[in-house]
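Below: the structure, in structure tokens.
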């Protein structure tokens with residue numbers, strides 16, 4: 227009896243201790259936040275706090291209207307709530323940009339003309355004044371007065387120069403010599419302090435450290451040769467917005483919510499809500515009619531759905547590694563595509579379960595979307611379950627960049643020559659972004675002799691600046707990045723477009 | 010021997026000095042109000058005209074009412090300039106019966122802030138003279154004293170946020186609990202700020218914003234209380250406009266803070282709704298269990 231009581235009391239004591247222990251234990255999200263504070267704090271500097279607050283706050287959505295549902299009705303409803311059509315926003319931005327460029331060219335031209343006219347007028351006045359030194363100023367109007375006055379000053383100056391220069395020269399020479407003497411004095415080193423300094427003295431005809439100095443133009447050459455694989459950059463100037471794609475978003479600063487999707491007459495859901503930045507990779511992939519497309523890591527299926535809504539791909543292969551993740555894709559497809567089982571499955575959409583780094587249908591795709599597994603920064607800060615910052619997943623986390631590079635280099639092999647792929651991650655880490663692209667390009671060249679052209683997207687993203695906040699293109703090497711910003715709380719999303727060379 | 014004498018002498022001199030300083034301090038700033046009224050400047054027509062110019066509502070008041078009210082205040086130790094300030098800010102006082110004015114001052118006197126401090130308080134916030142329910146006033150002041158500690162602290166608190174008088178104990182309790190337990194701010198800092206006159210939602214929103222920016226960390230419980238914390242001070246958080254708070258305290262743009270306010274309000278609402286749903290489910294479950 228006594229023993230039983232003792233046991234009970236000890237259990238109680240344990241129970242009373244436990245909550246305290248639990249409090250001191252770090253959660254996975256806290257661990258993620260600490261690691262980000264440490265890493266991104268050093269990468270982004272003082273901007274990190276703005277990104278941090280945005281990451282920890284609810285993100286913003288974009289609505290993709292389902293073309294298999296009631297398109298007109300849904301679009302009207304969304305517009306009534308204040309959402310804007312992304313297509314028209316892009317067109318507007320295009321017009322504005324073109325107008326700006328034109329305007330700036332015109333204004334520089336007109337400024338040049340004005341300056342020319344001014345100079346000409348000045349010269350005329352000068353000539354006039356030299357011919358009639360007194361009469362001109364008396365008969366001049368008020369505006370001319372000013373001009374003549376300035377002309378007079380010039381003339382005076384000229385006269386001064388003519389007369390005074392020789393004497394001035396002598397004067398200044400003397401002065402300079404005198405100054406130099408003082409300078410020399412000030413530069414003299416008193417031997418009683420140190421004689422060591424004398425040995426280091428160097429005449430000022432050369433700047434120390436200049437030996438390693440390279441002019442900017444040379445710097446880029448050096449940059450290209452430094453990567454031990456051929457690297458080409460090409461500016462992308464055209465953003466082809468698919469005709470059938472209907473995306474709706476709120477402009478920057480508007481934090482309104484979208485309504486939940488409803489069932490349409492055809493039995494499918496009216497619209498799909500996704501993180502706004504996720505629409506960029508499929509959009510930049512520049513799909514064309516009849517393309518053979520692969521979505522290498524497709525789950526949960528949002529990006530695949532966008533590609534299907536354009537109605538362009540001849541066949542879309544949605545690949546993922548786990549059965550459960552494929553089921554999620556299947557569910558999304560069934561909910562959003564009319565007649566999915568009868569007319570689409572295995573005809574225009576095929577699901578495949580394979581590790582993306584071992585896919586082996588080489589040289590067979592026109593376009594590939596490589597949305598690789600990453601630290602999913604926003605998600606890691608929100609959910610404790612299955613978090614990548616779990617202590618038991620440390621090894622997995624550290625090997626993420628390697629995995630990503632393997633997937634990307636394999637996907638480069640899967641592309642037809644001339645085909646293009648978009649690599650994307652939802653992480654801010656430069657290692658997982660530019661670092662991985664570099665690694666993959668190197669690997670693809672070294673192991674398989676594949677070379678690729680990196681598309682410079684810095685011009686195109688200017689069309690989207692009304693909706694997204696981008697990282698400054700100069701800070702990025704191979705791609706662009708949407709950074710979380712409270713009034714436009716999308717992303718983070720890094721994307722880079724590569725085209726396999728023929 | 011001589012050395013001891015010298016040290017004693019030094020100590021004595023220091024003591025005298027300190028005492029002088031102490032006396033000086035006591036006399037100088039706060040006695041001002043009390044000593045000023047000794048001159049008893051009479052209420053002149055120019056004073057009334059000036060007051061009417063500032064607050065036109067006063068033009069309706071009859072001169073006898075002016076004189077009567079002025080006399081009442083003078084009898085209770087307030088000088089003419091304080092009287093004028095009170096009247097300009099709270100014209101309703103003039104129309105009141107003398108008895109009510111006297112009662113109000115007496116009620117406040119019973120809070121024992123000391124004459125000079127009371128007058129300072131009443132001159133700064135003449136609305137406080139509107140008090141009628143003595144019982145409620147005493148109850149509220151004694152409640153504030155349990156939180157602030159001393160009468161002096163209650164006075165300081167009232168000088169910073171007079172509207173604590175109008176807030177219910179429950180609301181104040183909520184805010185104090187949040188400030189002390191979640192933000193871990195000490196009582197003296199709360200008294201020095203206007204935190205208690207701000208709604209809890211605003212305090213919470215600003216605190217969470219700072220926390221998510223990584224600029225505010227609750228003080229660890231075991232840390233030395235003398236060690237200065239790196240968090241922004243409470244008065245910087247609560248006594249500032251949205252713009253100053255965003256740009257000067259958080260160093261972000263106003264647009265960002267405004268977006269955050271909107272997003273956080275929605276987030277909080279959603280959280281509350283989810284909690285309510287959970288509670289309902291729990292009640293249903295427990296009732297099912299009982300059956």
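Residue numbers (our numbering), protein chains in the order written: chain A, 227 to 728; chain B, 10 to 300. Where is the CB? At the ideal position from N, CA and C, for every residue including glycine.
Beta-ladder partner(s) of residue i, from DSSP
| i | result |
| --- | --- |
| residue 500 of chain A | A/288 |
| residue 726 of chain A | A/678 |
| residue 601 of chain A | Note: residue 601 of chain A sits in no beta bridge, so no partner. |
| residue 256 of chain B | BP columns for residue 256 of chain B are empty, so no partner. |
| residue 649 of chain A | A/596 and A/722 |
| residue 668 of chain A | According to DSSP, residue 668 of chain A bridges with nothing at all. |
| residue 541 of chain A | A/518 |
| residue 578 of chain A | A/545 |
| residue 192 of chain B | None, per the DSSP bridge assignment. |
| residue 459 of chain A | A/680 |
| residue 489 of chain A | A/495 |
| residue 696 of chain A | A/708 |
Residue burial classification, residue i (beta-carbon count within 10 angstroms, cutoff 16)
| i | result |
| --- | --- |
| residue 588 of chain A | exposed |
| residue 279 of chain B | exposed |
| residue 312 of chain A | buried |
| residue 708 of chain A | buried |
| residue 122 of chain B | buried |
| residue 459 of chain A | exposed |
| residue 722 of chain A | buried |
| residue 697 of chain A | buried |
| residue 651 of chain A | buried |
| residue 342 of chain A | exposed |
Chain-order list of residues whose beta-carbon lies under 6 Å from that of residue i (same chain, five-residue window excluded)
| i | result |
| --- | --- |
| residue 30 of chain B | Only weak support is given to the placement of residue 30 of chain B: the predicted model assigns it a pLDDT of 48, under 50, and the question is left unresolved by the model. |
| residue 376 of chain A | No answer about residue 376 of chain A holds up, because its pLDDT of 42 lies below 50 and its placement is not dependable. |
| residue 703 of chain A | 660 |
| residue 487 of chain A | 495, 496 and 497 |
| residue 246 of chain B | 215 |
| residue 288 of chain B | none |
| residue 544 of chain A | 521, 524, 530, 555 and 577 |
Residue j beta carbon less than 8 Å from that of residue i
| i | j | result |
| --- | --- | --- |
| residue 517 of chain A | residue 593 of chain A | yes |
| residue 658 of chain A | residue 601 of chain A | yes |
| residue 718 of chain A | residue 597 of chain A | no |
| residue 584 of chain A | residue 642 of chain A | no |
| residue 215 of chain B | residue 156 of chain B | no |
| residue 163 of chain B | residue 154 of chain B | yes |
| residue 263 of chain A | residue 490 of chain A | no |
| residue 565 of chain A | residue 542 of chain A | no |
| residue 473 of chain A | residue 306 of chain A | no |
| residue 531 of chain A | residue 505 of chain A | no |
| residue 244 of chain B | residue 202 of chain B | yes |
| residue 130 of chain B | residue 167 of chain B | yes |
| residue 632 of chain A | residue 677 of chain A | no |
| residue 284 of chain A | residue 220 of chain B | no |
| residue 567 of chain A | residue 538 of chain A | no |
| residue 646 of chain A | residue 724 of chain A | yes |
| residue 525 of chain A | residue 554 of chain A | yes |
| residue 749 of chain A | residue 510 of chain A | It is not possible to answer for residue 749 of chain A, since the shown part of chain A is limited to 227 through 728. |
Residues of its chain near residue i, where Cβ-Cβ distance is below 8 Å and the 5 sequence neighbours each way are ignored
| i | result |
| --- | --- |
| residue 79 of chain B | 52, 89 and 92 |
| residue 463 of chain A | 685 and 686 |
| residue 265 of chain A | 655 |
| residue 308 of chain A | 476, 480 and 482 |
| residue 323 of chain A | 688 and 689 |
Beta-carbon contacts of residue i that lie in its chain and below 7 Å, excluding the five residues immediately before and after
| i | result |
| --- | --- |
| residue 36 of chain B | Residue confidence is low: residue 36 of chain B scores 37 on pLDDT, short of 50, so the model does not pin down where it sits. Its coordinate-derived value is still stated next. Nothing meets the Cβ criterion. |
| residue 450 of chain A | Residue placement at residue 450 of chain A is poorly supported in this model, since its pLDDT is 42, which falls under 50; the coordinates still yield a value, given next. Same-chain partners within the cutoff: 457. |
| residue 258 of chain A | 606, 607, 613 and 615 |
| residue 270 of chain B | 214 |
| residue 282 of chain A | 607 |
The segment 270-290 of chain A: positions lying closer than 7 Å to chain B by Cβ: 275, 276, 278, 279, 282, 283 and 284
Interface positions of the segment 692-718 of chain A facing chain B (Cβ-Cβ less than 8 Å), listed along the chain: 711, 712, 713 and 715
Where the segment 465-490 of chain A meets chain B: residues whose CB sits under 8 Å from a CB there: 479, 481 and 483
Residues of the segment 187-205 of chain B whose Cβ lies closer than 7 Å to any Cβ of chain A, in chain order: none
Contact list for the segment 250-271 of chain A against chain B, Cβ threshold 9 Å: 259, 263 and 267
The segment 251-274 of chain B: positions lying closer than 9 Å to chain A by Cβ: 259, 260, 261, 262, 264, 265, 266, 267, 268, 269, 271, 272 and 273
Positions along the segment 138-153 of chain B whose CB lies within less than 9 Å of some CB in chain A: none
Contacting positions in the segment 207-220 of chain B - beta carbon closer than 7 Å to chain A: 218
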